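Q:
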Ligand code: GDP
Ligand code: MG
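This is the structure in structure tokens:
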């Protein structure tokens, strides 16, 4: 059985906790809003292989603090999340990525880029093209527009992160 730790990062309010809850419990709660970091464990099968996934739902880094969190250095992979309704949160993901690279002294880190709240098309503030382009600029990382509310692409984003972690673990 694989054991992987996925760390969910992104600006406050982008839906990190809701995405985590959707993936772990297949639920959406409008008022669900833990402001503390929380960890969850779930088991699944990906590519016919069992996998135990620890998910760290981070909180509190929205004030441009240096991310001192130990999970930044020990996490196996990152779901790096912005909201398609918030351009600032999209600008923030590049800062976060830089912080993670610095914390690990490495650029070889499994990432998946996630634009959440795709159900709020009327309030869109970041185009799909801009998301795709950023993922390309980051070295062709996987990119998903998700909705924690409807569940769209949520499972796919987490599963893809596990796949990236597995790839990264293979001896080169
Ligand atoms: P976090 O600070 O990144 O953990 O964000 P939360 O998960 O607490 O979500 C912040 C707010 O956005 C809450 O009011 C959620 O109900 C709402 N939200 C989160 N994900 C979605 C989504 O996919 N669609 C919509 N419409 N609202 C969402
Ligand atoms: Mg949260």
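Residue numbers (the UniProt record's numbering): 6 to 177.
Built from N, CA and C at the ideal position, the CB exists for glycine as well.
Please read all numbers here as calculations on a predicted model, not as lab measurements.
1. Answer yes or no: the CB of residue 23 versus the heavy atoms of the ligand ZN, is any distance below 7 Å?
2. Using only CA atoms, which one of 62, 112, 40 lies nearest to residue 46?
3. Under 8 Å Cβ to Cβ from residue 137, same chain only, skipping five residues before and after it: list those, please.
4. Which residues in the same chain as residue 172 place their Cβ atom closer than 8 Å to its Cβ, once the five residues preceding and following it in sequence are excluded?
5. If residue 11 and residue 84 are in contact, beta carbons under 8 Å, what's the gap, nearest whole angstrom?
6. Can residue 35 be considered in contact with the ligand GDP, in the sense that its beta carbon sits closer than 7 Å to one or more heavy atoms?
7. Does the distance between the C-beta of residue 59 and the nearest non-hydrogen atom of the ligand MG fall short of 7 Å?
8. Look at the alpha carbon of residue 170 and the alpha carbon of residue 163, and state the distance between them as a whole number of angstroms.
9. Quick one, are the C-beta atoms of residue 59 and residue 44 less than 8 Å apart?
A: So, to answer that:
1. By its list of ligands, the structure shown excludes the ligand ZN, since it contains just the ligand GDP and the ligand MG.
2. 62
3. 148
4. 115
5. Taking a contact as a CB-CB distance under 8 Å, the pair residue 11 and residue 84 counts as one, their CB atoms being some 6 Å apart.
6. Yes - the ligand GDP has a heavy atom lying nearer than 7 Å to the Cβ of residue 35.
7. no
8. As the crow flies, the alpha-carbon of residue 170 is around 11 Å from that of residue 163.
9. yes
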